[in-house]
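To keep things clear, I will list the structure first and then write my remarks on it.
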Amino acid sequence: MSSASSTSLSVASPPASTQVASLQDALRRLRVFIGTAPSTFGPAESVKSFELPADFGTVSCVFWNDIYHITGTDIIKCMLFRVRAMNCVVAHMKKFEEGVFSDLRNLKPGVDSTLEEPKSPFLEFLVSQKCIRTQKKQKVFYWFSVDHDKLFLDAVDRDLKRMKQGQ
287 MSSASSTSLS VASPPASTQV ASLQDALRRL RVFIGTAPST FGPAESVKSF
337 ELPADFGTVS CVFWNDIYHI TGTDIIKCML FRVRAMNCVV AHMKKFEEGV
387 FSDLRNLKPG VDSTLEEPKS PFLEFLVSQK CIRTQKKQKV FYWFSVDHDK
437 LFLDAVDRDL KRMKQGQ
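Every position in the sequence shown, counted from 1, becomes a number in our numbering once 286 is added.
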């Protein structure tokens, strides 16, 4: 059996009980946000945001061309926060992100996402709202097409398999 350092996930040092309660509350609120954000938009609103605790940043639901969207960056933030909320840390960020983005490749442009060309008006808007940092060609996902629970479980499953194989 390999050590935890050879996998993407490893157990963090035990947090204080108040920190555990705070993380669990934030996780509950994130799940509510993911489940309800589109239904909370007012007529003139185009972005709803949720502030994750600590250094995890903000996750946004963006209304553009009559469709609600989430960026790949925000999906990764959600996954990383969920890992932390279960008292683990991602030791190998690149492997973790590659796995999630590999899963997201199954969400096809025009059906589950939009493939935006560099410097498109949508990407310019996302940068102006601090949802993304660069305007390179990228997929932006339809809010209701992203199964956050499945992505998370698949990421954890991948790491458990990698740990069993000693990689």
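C-beta: ideal position from N, C-alpha, C; glycine also.
Exercise. Is L316 near the ligand COA, with its Cβ less than 7 Å from a heavy atom?
Worked result: In the structure on display, the ligand COA does not appear, and there are no ligands present to speak of.
Problem set entry | Limits of the beta strand (DSSP E) - the one that C347 falls within | 344-350
For this session: Name the one or two DSSP bridge partners that Q424 has.
Result: E402
For this session: Please say whether V306 and Q415 have beta carbons closer to each other than 8 Å?
Result: no
Exercise. Which of helix, strand or coil does DSSP assign to S288?
Worked result: Reliability of the predicted coordinates at S288 is poor, the pLDDT of 37 falling under 50, and the value obtained from them is presented with this limitation in mind. DSSP places S288 in coil when its eight states are reduced to three.
Exercise. Using 8 Å as the threshold, is the stretch 352-369 in touch with the stretch 423-435, meaning 3 or more CB pairs across them?
Worked result: yes
For this session: Give the C-beta separation of R370 and L439 to the nearest angstrom, bearing in mind that I take them to be a contact with Cβ-Cβ under 8 Å.
Result: Going by Cβ atoms, the distance from R370 to L439 rounds to 16 Å, so no, they are not a contact pair.
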